[in-house]
Structure formats: C-alpha cells, structure tokens
Amino acid sequence: SGAAAAAAAATRSSGDAGITVIKSSGGGPMPYAATSSDPICFEYINTGVCGRLQRGEICRYRHLDASHPDVIADRVRQGKLPASALAAPGGGGEQSVLALATAAAASF
6 SGAAAAAAAA
16 TRSSGDAGIT
26 VIKSSGGGPM
36 PYAATSSDPI
46 CFEYINTGVC
56 GRLQRGEICR
66 YRHLDASHPD
76 VIADRVRQGK
86 LPASALAAPG
96 GGGEQSVLAL
106 ATAAAASF
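So for the sequence shown, the working numbering puts the first residue at 6; every next one is plus one.
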C-alpha cells in the first residue's frame, strides 16, 4: 500500500557506499522465534527479565510466564514442584499452580 511504502521510505537512509539501510521501527531487541522443543530461558522465568535481550543480544530460549504448562512440567521434572501441580489446571486449580510456581521462583 502507499502508506506502507511511505513509512518504509521514511526509515531508509543512504550510506556512503550507495547502500540503502532500512532501520527497524522496533525500540528493542526481539526474542528469538523459538519452538516448543527449544529450551526455556530460566533467567526470564525466575526474574521476569532476560539479560541477553536487555544487552541487545539474541536470546535463543523461550520466554514463558511462570504459570505456563511447560514451565510447570520442567519444575516438576527438576523436583521443584510436586507432581500434583501438573493436574491442577483442569479443576480451577490454576491459581494454586501459579502460587506454587511463584513460590518456587522466589526460592531461587
């Protein structure tokens, strides 16, 4: 569309070598587009902040909420949460799982 072309033209700058550089409109680094088989960023889970992204680097780990099922399953595998945490979300126990996950994160 014309508006998109105008916006793209506004973000371009010409270098000395005749190379056109298109600058990203985003303000900060973007997380890596991870898949469900990729590892979890434990710094993000435990602190809510990823140091790699803050430094402008690429983090190749998944940034999940502490109540995400993959995070809960990982904590159960590590023995940091009881196995009963895996069954809780079905019967309205999601708040209790979040409380367990938060308590486990606070203990690190």
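Glycine included, every Cβ here is placed at the ideal spot set by N, Cα and C. Note that the coordinates shown come from a computational prediction; the quantities given were computed from them, not determined experimentally.
DSSP three-state assignment for residue i, whether helix, strand or coil
i     : result
ILE45 : strand
ALA13 : Note that ALA13 scores a pLDDT of 49, beneath 50, so its modelled location is shaky and nothing firm can be said.
ARG57 : helix
ILE50 : helix
LEU86 : coil
GLY23 : coil
Residues near residue i in its chain [Cβ-Cβ closer than 6 Å; skip 5 each side]
i     : result
ALA39 : ARG67
ALA13 : Only weak support is given to the placement of ALA13: the predicted model assigns it a pLDDT of 49, under 50, and the question is left unresolved by the model.
ASP43 : ARG67
Start and end residues, alpha helix (DSSP H) containing residue i
i     : result
PRO74 : 74-82
According to DSSP, residues forming a beta bridge with residue i
i     : result
ARG67 : ILE45
Residues near residue i in its chain [Cβ-Cβ closer than 7 Å; skip 5 each side]
i     : result
LEU69 : ILE45, ILE50, ASP75 and VAL76
CYS55 : CYS46, GLU48, TYR49, CYS64 and HIS68
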